[in-house]
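Data block below; observations after.
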Amino acid sequence: HVIARSNNAPRAISSASNGGIRRVAGSLAVTRALGDAYLKTPELSFLPYKLHVPYITARPDISHRLLTSMAVDNRSLCDRFLVLASDGVWEQSSNDEVVDWLQNFEKRSYGSDYEEDLYDREVAENNIS
1 HVIARSNNAP
11 RAISSASNGG
21 IRRVAGSLAV
31 TRALGDAYLK
41 TPELSFLPYK
51 LHVPYITARP
61 DISHRLLTSM
71 AVDNRSLCDR
81 FLVLASDGVW
91 EQSSNDEVVD
101 WLQNFEKRSY
111 GSDYEEDLYD
121 REVAENNIS
(Lines of atoms letter the chains of each structure in order from A and count residues from 1; the text may use other names and numbers.)
(Lines give C-alpha, C1' and ligand atoms only; values in the text may rest on other atoms or scores of the structure.)
Protein backbone atom coordinates (compact mmCIF):
# COMPACT_ATOMS: atom_id res chain seq x y z
CA HIS A 1 0.00 0.00 0.00
CA VAL A 2 1.60 3.16 -1.24
CA ILE A 3 0.38 6.31 0.46
CA ALA A 4 -0.28 8.05 -2.85
CA ARG A 5 -2.87 5.34 -3.65
CA SER A 6 -4.09 4.68 -0.11
CA ASN A 7 -7.73 5.04 0.80
CA ASN A 8 -7.53 3.30 4.17
CA ALA A 9 -5.14 5.52 6.09
CA PRO A 10 -6.60 9.03 6.47
CA ARG A 11 -4.20 9.95 9.30
CA ALA A 12 -1.25 8.92 7.19
CA ILE A 13 -2.50 10.91 4.25
CA SER A 14 -3.17 13.99 6.34
CA SER A 15 0.35 13.76 7.76
CA ALA A 16 1.98 13.35 4.35
CA SER A 17 4.64 15.78 3.29
CA ASN A 18 3.80 18.43 0.74
CA GLY A 19 5.00 17.98 -2.82
CA GLY A 20 6.82 15.07 -4.40
CA ILE A 21 6.08 11.56 -3.19
CA ARG A 22 3.49 11.59 -0.43
CA ARG A 23 4.99 10.11 2.72
CA VAL A 24 3.77 9.06 6.16
CA ALA A 25 5.21 11.46 8.75
CA GLY A 26 7.38 12.90 5.99
CA SER A 27 9.54 9.78 5.65
CA LEU A 28 7.72 6.52 4.85
CA ALA A 29 6.15 5.99 1.40
CA VAL A 30 4.01 2.97 2.38
CA THR A 31 1.13 2.54 4.82
CA ARG A 32 1.94 -1.08 5.74
CA ALA A 33 5.32 -2.11 7.10
CA LEU A 34 6.92 -4.69 9.38
CA GLY A 35 9.20 -2.18 11.05
CA ASP A 36 8.76 1.49 11.92
CA ALA A 37 7.09 0.72 15.27
CA TYR A 38 7.18 4.40 16.27
CA LEU A 39 4.45 4.99 13.68
CA LYS A 40 2.27 2.18 15.12
CA THR A 41 2.16 2.35 18.90
CA PRO A 42 2.42 5.18 21.46
CA GLU A 43 4.70 3.13 23.74
CA LEU A 44 7.39 3.04 21.05
CA SER A 45 6.71 6.46 19.62
CA PHE A 46 7.97 9.95 20.34
CA LEU A 47 6.67 13.47 19.83
CA PRO A 48 5.10 14.62 17.60
CA TYR A 49 4.12 11.15 16.32
CA LYS A 50 3.07 9.88 19.77
CA LEU A 51 -0.04 12.08 19.70
CA HIS A 52 -1.66 10.49 16.64
CA VAL A 53 -0.43 6.89 16.23
CA PRO A 54 -1.20 4.57 14.55
CA TYR A 55 -0.27 6.01 11.16
CA ILE A 56 0.57 2.63 9.60
CA THR A 57 -0.08 -1.05 10.21
CA ALA A 58 1.74 -4.35 9.80
CA ARG A 59 -1.52 -6.09 8.93
CA PRO A 60 -1.06 -7.63 5.47
CA ASP A 61 -3.38 -7.05 2.57
CA ILE A 62 -4.36 -10.55 1.54
CA SER A 63 -5.90 -11.57 -1.74
CA HIS A 64 -6.55 -14.95 -3.28
CA ARG A 65 -5.96 -15.97 -6.84
CA LEU A 66 -6.70 -19.29 -8.45
CA LEU A 67 -3.75 -20.34 -10.60
CA THR A 68 -5.05 -21.64 -13.89
CA SER A 69 -4.17 -24.16 -16.52
CA MET A 70 -6.36 -24.73 -19.55
CA ALA A 71 -6.23 -25.67 -23.21
CA VAL A 72 -7.46 -23.17 -25.80
CA ASP A 73 -7.14 -23.83 -29.53
CA ASN A 74 -4.74 -26.72 -28.90
CA ARG A 75 -2.47 -24.48 -26.83
CA SER A 76 -1.88 -24.81 -23.13
CA LEU A 77 -2.53 -21.57 -21.27
CA CYS A 78 -1.53 -21.35 -17.65
CA ASP A 79 -0.21 -19.02 -15.00
CA ARG A 80 3.56 -19.30 -15.08
CA PHE A 81 4.72 -16.78 -12.48
CA LEU A 82 3.75 -15.52 -9.08
CA VAL A 83 5.57 -12.26 -8.43
CA LEU A 84 5.99 -10.91 -4.91
CA ALA A 85 7.87 -7.63 -5.05
CA SER A 86 8.39 -4.43 -3.12
CA ASP A 87 6.64 -1.20 -3.97
CA GLY A 88 9.91 0.05 -5.45
CA VAL A 89 9.80 -2.62 -8.17
CA TRP A 90 6.28 -1.61 -9.17
CA GLU A 91 7.14 2.09 -9.12
CA GLN A 92 9.97 1.46 -11.60
CA SER A 93 8.53 -1.35 -13.74
CA SER A 94 5.20 -2.11 -15.37
CA ASN A 95 3.54 -5.53 -15.18
CA ASP A 96 4.57 -6.16 -18.80
CA GLU A 97 8.21 -5.25 -18.07
CA VAL A 98 8.33 -7.68 -15.15
CA VAL A 99 6.79 -10.47 -17.27
CA ASP A 100 9.28 -9.76 -20.08
CA TRP A 101 12.14 -9.88 -17.59
CA LEU A 102 10.92 -13.20 -16.17
CA GLN A 103 10.46 -14.74 -19.61
CA ASN A 104 13.96 -13.67 -20.62
CA PHE A 105 15.32 -14.92 -17.30
CA GLU A 106 13.79 -18.34 -17.94
CA LYS A 107 15.68 -18.54 -21.23
CA ARG A 108 19.03 -17.90 -19.55
CA SER A 109 20.80 -20.16 -17.12
CA TYR A 110 20.68 -19.46 -13.40
CA GLY A 111 23.83 -17.80 -12.15
CA SER A 112 24.05 -15.55 -15.19
CA ASP A 113 24.45 -11.80 -14.97
CA TYR A 114 20.90 -11.17 -16.21
CA GLU A 115 19.30 -10.83 -12.78
CA GLU A 116 22.12 -8.51 -11.77
CA ASP A 117 21.36 -6.31 -14.78
CA LEU A 118 17.81 -5.72 -13.53
CA TYR A 119 19.02 -5.19 -9.98
CA ASP A 120 21.64 -2.69 -11.17
CA ARG A 121 19.03 -0.84 -13.23
CA GLU A 122 16.68 -0.58 -10.26
CA VAL A 123 19.40 0.34 -7.77
CA ALA A 124 20.47 3.09 -10.16
CA GLU A 125 17.02 4.52 -9.50
CA ASN A 126 17.87 4.06 -5.77
CA ASN A 127 14.41 2.83 -4.99
CA ILE A 128 14.61 -0.88 -4.19
CA SER A 129 18.07 -1.30 -2.70
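So in UniProt numbering the end of the sequence shown lands on 129, straight run, no missing numbers.
For glycine and all other residues, C-beta sits at the position ideal for the given N, C-alpha and C.
Here the structure is a predicted model, which is why all the values come from computation and not from measurement.
(message) Looking only at its chain, what residues have a beta carbon closer than 7 angstroms to the beta carbon of LYS50, apart from the 5 residues adjacent to it on each side?
(response) The answer, listed in chain order, is PRO42.
For VAL89, report the span of its alpha helix (DSSP H) as first-last.
87-92
| request: Determine, using beta carbons only, whether SER69 and SER63 come nearer to each other than 8 angstroms. | output: no
message: Let me confirm a value: SER93 is counted as buried when at least 16 other C-beta atoms fall within 10 Å, else exposed. Which label applies?
response: buried
Cα-Cα separation between ALA37 and GLU97, rounded to whole angstroms: 34 angstroms
State the Cα-Cα distance for the pair ARG65 and GLU91, rounded to the nearest angstrom. 22 angstroms
Query raised in the report: Alpha carbon to alpha carbon, what distance is there between LEU102 and LEU44?
Result: 41 angstroms
Problem set entry | Where LEU102 falls: helix, strand or coil (DSSP) | helix
Margin query: Can you check which of these residues, ILE56, ASN104, ASN95, is closest to LEU28 by C-alpha distance?
Written below: ILE56
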